[in-house]
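Top to bottom, those sequences are chains E and P. Its first residue numbered 205, the first sequence is counted upward by one per residue in my numbering. Its first residue numbered 1327, the second sequence is counted upward by one per residue in my numbering. Worksheet: the structure to be examined is printed underneath.
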Amino acid sequence: MTSSLSRSPATAFRGAGFKLPRGAALAVLLLPAFVLFAAFVILPILQAFRFSFFNWNGFGAPSEFVGLKNYATLIEQRHFATALTNTGFIIVVSLFLQLPLALWLALALYKSTRVAAAVRTLFFLPYMLAEVAAGLMWNFVYDGNYGIAHQIGALLGIDAPFVLGDATLVMPAIAVVLVWKYFGFHMMIYIAALQNIPDEMIEAARLDGASKWRIVRHVKLPMIRSAIAVTAFFAVTGSLQLFDLIVPLTNGGPNNASLTIVGFLYQFGVTRMRVGFGSAVSIVLFLICVVVALVYQRALKRMEA
Amino acid sequence: MAKTDTRINADYGVSPLQWLGVGVMGLFVLIPFYITVFGGFKTIGELRTRPFALPEHWDFTSFHAVMESGPFGQMMLNSLLISTLTVALTVLLASMAAFALVHIRFFGRDYLAAFFTVGLLFPVATAILPVFLLLRDIDLLNSAWGVILPQVAFGLAFAIMLFRTFFAELPKELIEAARMDRCGYLAIYWYVVLPLSLPIIATVGVFTFMTSWNSYLLPLVTLSSVDHYTWPLGIQQYQGAYSTDWPKLLALLTLTLAPAIVFFLFAQRYIIAGLTGGAVKG
């Protein structure tokens, strides 16, 4: 049966006299992806590593070797400390507010009813919008003269605060937008995992007299452990890259109070063409990403064991 | 108590408190969309006094202003071109590589597979400065290809992973039978494997399109002239130009998001398949 399926292509090609030797076929199949990947992913990260030891503006060859000075400058930079703190804050909110919220909603919405499916679509919608557009939308929501902030202020009889212009409120305000944009993504991963739990398991637990939340705690959560690990991984790596969303909201302001790691990289490395210093920032971010990936791998292994 | 539940479904129902939570989150998600869509039809004064009401008069001037202000159409077209080419190249290169990695035995295969997975480790941002310099040196700054090539490269790792998972589950006999018929590897890839791979092509394609359509940092760094701008850069440009002329900005948002939302409603199951196929299994 299978041979009849494959005969037509085979004969078609024999007729054309088209058959490359194995080595050539491998080259045709693999080289384009390999070259592109090596040139634009692997080579740049190696170069960033090298450039980070130079003081260089990108013109000519990097000649002024400065050793670890870029990294030393980075550690002393007040704004970099802010960027790290902000990124840490975003990670904490993502992990400990967003994920439990997404899980709670997934537990309510994972069954295949019409209403649940419609609500799921709505909750997933913000995830696929461009960060820049979502940020601009929320810039309006937060606008103290026109947006919802203005309305709430009017209701309370006060002048609405401009939360995005306030150094202490700006990060919580951004965190709200972040949750708005991404909770549906995490919820969808939980839902896919919850739908894979065999009904008999839940039925058995229920016949044993387990209460609703005991079933969640002792049956459902253990069954979706790897999904929880995945969402935690995405929440952390996503937070580490946060930049696009913040540009239309605050552009890193006020007074650099809402800088993230990538925001710092863009502001102090890319726009000023400080290739060496910017590369040092890249490498720090790269190392954090690698550590996160390793921790995630180990966690997965331990779960399977 | 629980006894009153007569349905066959073994699980407990959803409690009123849970429905309340769902309702609150529904409002939280909807309100920004609601005020954006209707805000574009309002005047700035109406926006201030009646933000939640439907517009008093459906005023299209903001929409006309945005559409006629030059770069809007051009930016959407630029994005469409870049995203389409990115999808085509990513699907082609990733499926070819994944086919070789799964169905051809050769020396160093596992190392090469691991090599590509390295790309899952870090985001574009970590390599942005060297990528910029490389594009400058090969004269691709400020061109569509300068955005497309790095986007494809950074999308390859994820795409190859999805294709490998899918190809590994194709029946082995199919490929062996084709080999028996003295069919070359390229012919097997093109005539046997690809036609069977439409679901995964759709998933990778939709996912890549979405990522490319929304991408911001790479175009921001590489594109410098307005006529090359993609739409996320355009939004930034308009935000600078209109400042707090919110009806125009909201009209702009509606115009740019409408096609994306329509696309999403059709493609959502492929996006979810990409997430769960690549995520939950791994």
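Glycine residues also receive a C-beta, built at the ideal position from the N, C-alpha and C atoms.
Closer than 8 Å to chain E by CB, residue i
| i | result |
| --- | --- |
| P/D1465 | no |
| P/A1453 | yes |
| P/V1348 | yes |
| P/V1606 | Because the pLDDT of P/V1606 is 37, which lies under 50, any placement of that residue in the model is unreliable, and the number read from its coordinates should be weighed accordingly. Closer than 8 Å: yes. |
| P/T1491 | no |
| P/N1468 | no |
| P/I1474 | no |
| P/T1602 | yes |
| P/D1553 | no |
| P/G1445 | yes |
| P/I1408 | no |
| P/F1590 | yes |
CB contact check: residue i to chain P, cutoff 8 Å
| i | result |
| --- | --- |
| E/Y350 | yes |
| E/G482 | yes |
| E/R211 | Any reading at E/R211 needs caution, since the residue's pLDDT is 46, under 50, leaving its predicted position unreliable; the model's value is listed next. Judged by the 8 Å Cβ criterion, E/R211 is in contact with chain P. |
| E/G357 | no |
| E/I362 | no |
| E/P248 | yes |
| E/I450 | no |
| E/Q471 | no |
| E/P402 | no |
| E/H354 | yes |
| E/A396 | yes |
| E/E335 | yes |
| E/T289 | no |
Residue j beta carbon less than 8 Å from that of residue i
| i | j | result |
| --- | --- | --- |
| E/M375 | E/S462 | yes |
| E/F437 | E/Y470 | no |
| P/P1377 | P/I1361 | yes |
| E/L234 | P/A1479 | no |
| P/S1409 | P/F1589 | no |
| E/F389 | E/F293 | no |
| E/V367 | E/A379 | no |
| E/V336 | E/P452 | yes |
| P/G1445 | E/V245 | yes |
| E/P458 | E/A371 | yes |
| E/I249 | P/T1537 | no |
| E/A231 | E/I487 | no |
| E/F258 | E/F269 | yes |
Nonlocal neighbours in the same chain, by C-beta distance under 7 Å from residue i, ignoring five residues either side
| i | result |
| --- | --- |
| E/L313 | A320, V323, R324 and I395 |
| E/F284 | L278 and F468 |
| E/G456 | I450, S462, L463, G467 and Q471 |
| E/Q399 | Y314 |
| P/F1425 | F1493, Y1515 and V1519 |
| E/I492 | L444 |
| E/A310 | M391, Y394, I395 and L398 |
| P/L1546 | L1559 |
| P/L1461 | L1467, G1472 and T1548 |
Per DSSP, the bridge partner or partners of residue i
| i | result |
| --- | --- |
| E/F258 | E/F269 |
Contacts around residue i, its chain only, beta-carbon distance under 6 Å, and the 5 residues preceding and following it disregarded
| i | result |
| --- | --- |
| E/K385 | P330 and A338 |
| P/V1530 | V1417, A1485 and L1488 |
| E/W260 | P266, V479 and G480 |
| P/L1411 | I1474 |
| P/H1429 | I1501 |
Cβ shell of residue i (< 8 Å), same chain only, five flanking positions each side left out
| i | result |
| --- | --- |
| P/T1369 | D1385 and P1573 |
| E/G262 | M477 and V479 |
| E/S207 | In this predicted model, E/S207 has a pLDDT of only 42, less than 50, meaning its place in the structure is not dependable; the value taken from the coordinates is given anyway. Excluding residues within five positions, none has a Cβ falling inside 8 Å. |
Distance cut-off 7 Å: residue i Cβ against heavy atoms of the ligand FMN
| i | result |
| --- | --- |
| P/P1449 | Absence of the ligand FMN from the depicted structure is noted, as is the absence of any ligand whatsoever, leaving it without description. |
Report the residue ranges of all beta strand (DSSP E) runs contained in full by the stretch 1450-1476 of chain P; include only those spanning at least 3 residues, in chain order. none
What are the uninterrupted segments assigned as alpha helix (DSSP H) that are 4 or more residues long and contained completely in the stretch 374-400 of chain E, given in chain order? 374-398
Give, in chain order, every unbroken run of the alpha helix (DSSP H) that is at least 4 residues long and sits entirely within the stretch 1520-1565 of chain P. 1524-1540 and 1543-1548
For the stretch 399-439 of chain E, which segments carrying the alpha helix (DSSP H) assignment without a break, of at least 4 residues, lie completely within its bounds, in sequence order? 403-411 and 416-419
Runs of 4 residues minimum, wholly inside the stretch 333-359 of chain E: which ones carry the alpha helix (DSSP H) assignment? 335-345
4 or more residues per run - each alpha helix (DSSP H) lying fully within the stretch 1408-1453 of chain P: 1435-1443
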